[in-house]
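**Q** First the structure, which I've put down as structure tokens, then a few questions once you've had a look.
There are 2 protein chains.
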Amino acid sequence: MGLDDRKLAVLRAIVEDYVATQEPVGSKALVERHQLGVSPATVRNDMAVLEEEGYIRQPHTSAGRVPTDRGYRLFVDRLSRVKPLSPAERRAIERFLVGAVDLDDVVHRTVRLLAQLTRQVAVVQYPSLARSKVRHLELVPISTTRLMVVMIADTGRVEQRLVEMPGPVAPDDVTDLRRVVNEKLVGSRLSDTPPLVQALVDESTPQLRPAMATLSSVLLETLVERHEERIALAGTANLTRGGLLDFQGSLRPILEALEEEVVLLKLIGEAEPSTTRVLIGDENEIDNLRAASVVSTGYGPGSTIVGGLGVLGPTRMDYPGNIAMVRAVARYVGELLAQN
Amino acid sequence: MGLDDRKLAVLRAIVEDYVATQEPVGSKALVERHQLGVSPATVRNDMAVLEEEGYIRQPHTSAGRVPTDRGYRLFVDRLSRVKPLSPAERRAIERFLVGAVDLDDVVHRTVRLLAQLTRQVAVVQYPSLARSKVRHLELVPISTTRLMVVMIADTGRVEQRLVEMPGPVAPDDVTDLRRVVNEKLVGSRLSDTPPLVQALVDESTPQLRPAMATLSSVLLETLVERHEERIALAGTANLTRGGLLDFQGSLRPILEALEEEVVLLKLIGEAEPSTTRVLIGDENEIDNLRAASVVSTGYGPGSTIVGGLGVLGPTRMDYPGNIAMVRAVARYVGELLAQN
DNA sequence: ACTGGCACTCGCTACAGTCGAGTGCCAGAC
DNA sequence: GTCTGGCACTCGACTGTAGCGAGTGCCAGT
Chain X
383 MGLDDRKLAV LRAIVEDYVA TQEPVGSKAL VERHQLGVSP ATVRNDMAVL
433 EEEGYIRQPH TSAGRVPTDR GYRLFVDRLS RVKPLSPAER RAIERFLVGA
483 VDLDDVVHRT VRLLAQLTRQ VAVVQYPSLA RSKVRHLELV PISTTRLMVV
533 MIADTGRVEQ RLVEMPGPVA PDDVTDLRRV VNEKLVGSRL SDTPPLVQAL
583 VDESTPQLRP AMATLSSVLL ETLVERHEER IALAGTANLT RGGLLDFQGS
633 LRPILEALEE EVVLLKLIGE AEPSTTRVLI GDENEIDNLR AASVVSTGYG
683 PGSTIVGGLG VLGPTRMDYP GNIAMVRAVA RYVGELLAQN
Chain U
383 MGLDDRKLAV LRAIVEDYVA TQEPVGSKAL VERHQLGVSP ATVRNDMAVL
433 EEEGYIRQPH TSAGRVPTDR GYRLFVDRLS RVKPLSPAER RAIERFLVGA
483 VDLDDVVHRT VRLLAQLTRQ VAVVQYPSLA RSKVRHLELV PISTTRLMVV
533 MIADTGRVEQ RLVEMPGPVA PDDVTDLRRV VNEKLVGSRL SDTPPLVQAL
583 VDESTPQLRP AMATLSSVLL ETLVERHEER IALAGTANLT RGGLLDFQGS
633 LRPILEALEE EVVLLKLIGE AEPSTTRVLI GDENEIDNLR AASVVSTGYG
683 PGSTIVGGLG VLGPTRMDYP GNIAMVRAVA RYVGELLAQN
């Protein structure tokens, strides 16, 4: 099953033309638009081979060819170079940076930027708590038996949680609790805290012990076990581009999938360091998204990774361009976070 | 232009049938399904009058009738009673209440509940800062010249903002700032704070004045002027129900509108006390939403209102049912907030 | 190994014809 | 005056037919 250079060139041409025009591409049109140096008949022979190998297919007997998921995969892996960003795109990314006032702002701007640049649906995960360090823990009395715990992470994330205490807690006790909790936990990774939190209870004075027990169990539960991930989403309107041809006519399954945080996390959350991941159509584990492709990568200050971001669109998407933009945006966001 | 009781009954029947079947309804089908006590011919005469008055229209010459926006308006105002909730719906609402751990949780559960119950797009505004009182202000040093301000409102909202100070601030100064700010601001409505914040600067010691000036300007800017509203959205997949007949075939404008926070706020944010607002089609100010209807209301603890919530769907929606559910959910959320 | 030629396939569009739901109108009954 | 049955009419939806054309596979020839 030799796929010589020309056959690969034919596949690349098919992908590029189909992505651009959204119409099945025939042998004649191909030789006209690309300098392949051979006749349509030859191209047809190559196409027959490519089809046999499962890289392209014919929607109807008398139509042109369309890439299959497998064809896109080969294209992404071996036939495309990452497209350099245009100056305008570069400027757009830089401009969005200035003036972000807090983490929420950064994330929202990022997700909108990404949606606008790629014209796809954009997804940005907030910096994961599991990968953040505790910067400060604040306890605010709401009533005599209620405390609000506010955790500030070094990534800028702020999480709060209401805690119902077992009994009344005096203001001085709150101060003590606050001091102890901060002394022990500030600077540590949340994923490493379970033993530390346990120690908190053991080491506290008898007076504080009941309160500390409640507090620590809430800390564990909220911040570690049920690890609160947050996601921002933008550009769903882009799903309607390309008429109803993409996504086989129904946006339903896509929109449903996008409402599930779990699904989104699965898409972009498994950040392998410095890799850009591309999931094409069927490769996706989620049934509802089998007509879609996802380009995602991790981001974070310096070379560490604290979260993921990416875009989702039809399998018929501009992979080189989207990969370039996802990477560029991730890098810029990382730099921005590093400044804090 | 007399619209006697029977003509109104005909209009009601048309609306109900059309909402149920999504198909233009003819005179014959009407008399079969409703006990109107007259013949199709009579109904046709009534229909002719209703059409002349602009309450219904014919998509094609030989088709049945469809309500116009004006027809829906009349239906909502005079022909429908609020539908009592089914026990199952009541149970669903109650069940969602239990186990909400913080404001974010409450809002997310609420918006999903509303989307599920009404099978429409649901929108919930977080308690508005303008209508909240300050419960506590926390200052956390991030570096010698950077402070994170965390504001906790009585509605449970927590907002943070990074502040770049004019110069290094000693830990003791931070303590002083914190004490003063809390003494002056806790308990006051944010919309009333501008004079108070101003006074903060005037009354502070010379040593603290520069820091306090920066801090107070950030407080004003972030929390009052650029009043940070938050919105949660769910159920966009419901837009795809009813095929592509609703929304004249394109979800595009709707999805675009739903991405704009400003638009959403306009839809549900203008909470007039205890009123349920219904905007039908053209009545909507936003062009993109002229094919949609919105049912919204305010919510809050007790009889006060701190935010708005509502649903958006095709003009062809079950108004009585949706009005009932929006009201019920708003009431339950209000009770939940009152417990804090 | 490539090319030109040729017969074939089949989706798309246009057009004509039929069907039927629904209408408006009118004369007549209550 | 109000309602009803009857009737002619309209027009969208559906069906069937025919022609077009893009695109293919195959084969003989270079």
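First to last, the sequence lines map onto chains X and U. Each residue of the first sequence is one higher than the one before, counting from 383 in my numbering. Each residue of the second sequence is one higher than the one before, counting from 383 in my numbering. Heads up, the beta-carbon is just placed ideally off N, CA and C, and yes, glycines get one too. Since the structure is predicted, the reported quantities are computational estimates derived from the model, not experimental observations.
Using a cut-off of 7 Å between C-beta atoms, extract the partners of His518 (chain U) located in chain X.
**A** One-based indexing of the second sequence puts residue 518 (chain U) at position 136. Those are Val522, listed as they occur along chain X.
**Q** Under 7 Å Cβ-Cβ, which residues of chain U neighbour Glu565 (chain X)?
**A** Locating residue 565 (chain X) in the first sequence gives position 183, counting from the first residue. Per Cβ cutoff of 7 Å: no residues; Glu565 (chain X) is ~15 Å from chain U at best.
**Q** List the residues of chain X whose Cβ lies closer than 8 Å to the Cβ of Arg543 (chain U), in chain order.
**A** To locate residue 543 (chain U), count along the second sequence from 1; it is residue 161. Within chain X, the residues near Arg543 (chain U) are Val483, Asp484.
**Q** Tyr400 (chain U): which of U:Gln589, U:Gly624, U:Val522, U:Arg426 sits nearest, CA to CA?
**A** Within the second sequence, the letter at position 18 stands for residue 400 (chain U). Ranking U:Gln589, U:Gly624, U:Val522, U:Arg426 by Cα distance to Tyr400 (chain U) puts U:Gly624 first.
**Q** Across the region 501–521 of chain U and the region 557–577 of chain U, are there enough close Cβ pairs to call them in contact, namely three or more that are closer than 8 Å?
**A** The region 501–521 of chain U vs the region 557–577 of chain U: in contact.
**Q** Under three-state DSSP, which class holds Ser409 (chain U)?
**A** The residue given as residue 409 (chain U) occupies position 27 in the second sequence. Of the three classes helix, strand and coil, the one that applies to Ser409 (chain U) here is helix, per DSSP.
**Q** Drop a sphere of 10 angstroms on the beta-carbon of Ser444 (chain X), count the other beta-carbons inside from all chains shown, and report buried for 16 or more, exposed for fewer.
**A** Locating residue 444 (chain X) in the first sequence gives position 62, where the first residue counts as 1. Counting Cβ neighbours within 10 Å, Ser444 (chain X) comes out exposed, since fewer than 16 surround it.
**Q** Between the beta-carbon of Arg439 (chain X) and the beta-carbon of Arg447 (chain X), is there less than 8 Å?
**A** For this step, residue 439 (chain X) is matched to residue 57 along the first sequence. For this step, residue 447 (chain X) is matched to residue 65 along the first sequence. Yes, these two residues count as a Cβ contact at 8 Å.
**Q** What's the C-alpha gap between Thr366 (chain X) and Lys566 (chain X)?
**A** With chain X represented from 383 up to 722, any question about residue 366 (chain X) goes unanswered, as that position is not in the structure.
**Q** Where does Asp533 (chain U) sit, in a helix, a strand or coil, going by DSSP?
**A** Within the second sequence, residue 533 (chain U) is the residue found at index 151, counting from 1. The amino acid occupying residue 533 (chain U) in the given sequence is Met; Asp does not appear at that position. Note: Met533 (chain U) maps to strand in three-state DSSP.
**Q** Can you tell which of X:Ala535, X:Met699, X:Gly689, X:Gly684 has its C-alpha closest to the C-alpha of Val676 (chain X)?
**A** Within the first sequence, residue 676 (chain X) is the residue found at index 294, counting from 1. Checking every option, the nearest Cα to that of Val676 (chain X) belongs to X:Met699.
**Q** Sorted by chain position, which residues of the same chain lie with C-beta nearer than 6 Å to Phe478 (chain X)'s C-beta, five sequence neighbours on each side aside?
**A** For the purposes of this step, residue 478 (chain X) is identified with residue 96 of the first sequence, where counting begins at 1. Result list for Phe478 (chain X): Arg491, Leu495, in chain order.
**Q** Below 7 Å between beta carbons is the criterion; list the residues of the region 630–647 of chain U that meet it against any residue of chain X, in chain order.
**A** Listed by position, the residues of the region 630–647 of chain U near chain X (Cβ gap below 7 Å) are Ser632, Leu633, Arg634, Leu637, Glu638, Glu641.
**Q** Which one or two residues does DSSP pair with Pro523 (chain U) in a beta bridge?
**A** Counting from 1 along the second sequence, the entry for residue 523 (chain U) is found at position 141. Answer is U:Leu529, bridged to Pro523 (chain U).
**Q** Using only the alpha-carbon positions, how far apart do Gly408 (chain X) and Pro441 (chain X) sit?
**A** Within the first sequence, numbered from 1, the residue matching residue 408 (chain X) stands at position 26. Within the first sequence, numbered from 1, the residue matching residue 441 (chain X) stands at position 59. Near 12 Å, if we compare the C-alpha coordinates of Pro441 (chain X) and Gly408 (chain X).
**Q** From what residue to what residue does the alpha helix (DSSP H) around Tyr681 (chain X) run?
**A** By one-based count along the first sequence, residue 681 (chain X) stands at place 299. Tyr681 (chain X) -> not in any alpha helix (DSSP H); beta strand (DSSP E) instead, spanning 674–681.
**Q** Note down, in chain order, every chain X residue with its Cβ under 8 Å from the Cβ of Ile534 (chain U).
**A** Here residue 534 (chain U) refers to the residue found at position 152 when the second sequence is read from its first residue. In chain order: Val522, Met530, Val532, Gln542.
**Q** Which class does Ala616 (chain U) belong to by DSSP, given the choice of helix, strand or coil?
**A** Sequence index remark: in the second sequence, residue 616 (chain U) carries index 234 (1-based). Of the three classes helix, strand and coil, the one that applies to Ala616 (chain U) here is strand, per DSSP.
**Q** Using a cut-off of 9 Å between C-beta atoms, extract the partners of Ala619 (chain U) located in chain X.
**A** Residue mapping note: residue 619 (chain U) aligns to position 237 of the second sequence, counting from 1. Ordered by position in chain X, the residues that pass the 9 Å Cβ test against Ala619 (chain U) are Leu633, Arg634, Pro635, Ile636, Leu637, Glu638, Ala639, Leu640, Glu641.
**Q** Whose C-beta lies closer than 7 Å to the C-beta of Val579 (chain U) among residues of the same chain, with five residues either side of it excluded?
**A** Reading the second sequence from its first residue, position 197 is the one you call residue 579 (chain U). Counting only Cβ-Cβ distances below 7 Å, and skipping sequence neighbours, we find Ser598, Leu601, Leu602.
**Q** For Ala720 (chain X), name the three-state secondary structure that DSSP assigns.
**A** Here residue 720 (chain X) refers to the residue found at position 338 of the first sequence. Here Ala720 (chain X) sits in helix by DSSP.
**Q** Label Met383 (chain U) either buried or exposed according to how many other C-beta atoms from any shown protein chain fall within 10 Å of its C-beta, with 16 as the threshold for buried.
**A** Walking along the second sequence from the start, residue 383 (chain U) turns up at place 1. Residue confidence for Met383 (chain U) is low, a pLDDT of 46 falling below 50, so the modelled location carries little weight; the figure read from the coordinates is stated next. Per the 10 Å Cβ criterion, exposed.
**Q** Give the interface partners of Thr450 (chain U) over in chain X, defined as CB-CB distance under 8 Å, in chain order.
**A** In the second sequence, residue 450 (chain U) corresponds to position 68, counting from 1. Per Cβ cutoff of 8 Å: no residues; Thr450 (chain U) is ~26 Å from chain X at best.
**Q** For Gly453 (chain U), which residues from the same chain have a beta carbon less than 7 Å from its beta carbon, with the 5 sequence-adjacent residues on both sides left out?
**A** Here residue 453 (chain U) corresponds to residue number 71 of the second sequence, with the count starting at 1. Cβ neighbours of Gly453 (chain U) beyond the five flanking positions: Leu393, Val397, Tyr437, Ile438.
**Q** Report the option in X:Gly651, X:Glu665, X:Arg672, X:Thr658 whose CA atom is closest to the CA atom of Leu637 (chain X).
**A** Here residue 637 (chain X) refers to the residue found at position 255 of the first sequence. Nearest C-alpha to Leu637 (chain X): X:Arg672.
**Q** Thinking just about the alpha-carbon of each residue, which of X:Ala423, X:Phe457, X:Pro683 is nearest to the one in Leu718 (chain X)?
**A** Counting from one through the first sequence, the residue named residue 718 (chain X) turns up at place 336. Of X:Ala423, X:Phe457, X:Pro683, the residue nearest in Cα terms is X:Pro683.
**Q** Whose CA, out of U:Thr596, U:Ala639, U:Glu435, lies closest to the CA of Asn670 (chain U)?
**A** Working through the second sequence from its first residue, we reach residue 670 (chain U) at position 288. Comparing Cα positions, the closest option is U:Ala639.
**Q** Kindly list, in the order they appear in chain X, the residues whose Cβ is closer than 9 Å to that of Ala616 (chain U).
**A** Here residue 616 (chain U) refers to the residue found at position 234 of the second sequence. By Cβ distance, chain X contributes Glu641.
**Q** Roughly how many angstroms separate the alpha carbons of Val531 (chain X) and Gly538 (chain U), rounded to a whole number?
**A** For the purposes of this step, residue 531 (chain X) is identified with residue 149 of the first sequence, where counting begins at 1. For the purposes of this step, residue 538 (chain U) is identified with residue 156 of the second sequence, where counting begins at 1. Val531 (chain X) and Gly538 (chain U): Cα-Cα distance of roughly 12 Å.
**Q** Can you confirm whether Met383 (chain X), when its beta carbon is compared against all beta carbons of chain U, has any partner nearer than 8 Å?
**A** Translated into positions along the first sequence, residue 383 (chain X) becomes position 1. Confidence is the limiting factor: at Met383 (chain X) the pLDDT is only 47, short of 50, which leaves the residue's position unreliable and the question unanswerable from this model.
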